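Down below is the structure, laid out as structure tokens.
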Amino acid sequence: MTVQRRNTKQRTLVLDAVRSRNDHPTAEDIYLDVRRQDDKISRATVYRNLRLLEDTHAITCVKAPGGDRFDLRLDAHAHVVCTECGAVIDATLPYDESADDAVATGTGYAVTGHSTIFTGICPNCQRAGNPEQ
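See below:
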């Protein structure tokens with residue numbers, strides 16, 4: 001049985017905050033944005049609503065090194081994470097469903113999908129002369 005959840009003002013604020021960004025924000029980023037709109041909203045309310053939005057497929061959660069990030073894109077796609085500054089962007093790489101089939105065949109799992117995260121150093125950090133270039 002699916003539980004219907006009403007759309008609360010707080011949840012709308014959280015979703016609007018995710019929609020207003022294109023940088024794969026953290027929960028803390030969203031909390032700070034929402035606090036500018038409603039200074040009474042708690043961190044727990046924002047975090048809980050992010051999980052509810054994820055559970056209802058209104059947003060996706062990117063399990064990135066350094067912590068979860070949130071994304072409005074609902075299609076399967078890869079991400080690139082900067083190991084210096086933590087920036088997360090969408091990778092320009094099509095989703096490879098054949099990888100799901102290959103892993104399912106090799107493991108016996110009923111694979112339902114995968115996520116791909118590339119790591120590297122973003123152009124801004126490269127220009128800044130970080131030593132790991």
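Counted from 1, the sequence shown has number 22 at position 22 by UniProt numbering; the numbering is strictly sequential.
Cβ atoms here follow ideal geometry from the backbone N, Cα and C, with glycine treated the same way.
Keep in mind the model is a prediction, meaning the values are calculated, not measured.
Query, Result
"Beta-carbon proximity list for Y47, same chain, < 6 Å, skipping 5 on both sides", "A27"
"P65 versus A58, I117 and K9, residue with shortest Cα-Cα distance", "I117"
"Nearest to P123 (by Cα), restricted to the options V111, V80 and S42", "V80"
"Local conformation of A76 per DSSP, three classes", "coil"
"Integer Cβ distance of L53 from L15, believed to fall under 8 Å", "6 Å"
"Sequence-distant residues of the same chain with beta carbon closer than 7 Å to C61, five excluded per side", "E54, D68 and F70"
"Buried or exposed (CB count within 10 angstroms, at least 16 for buried), N49", "buried"
"Residue interval of the alpha helix (DSSP H) (run including R19)", "K9 to R19"
"Closest by C-alpha distance to L13, when choosing among L32, D23 and I121", "L32"
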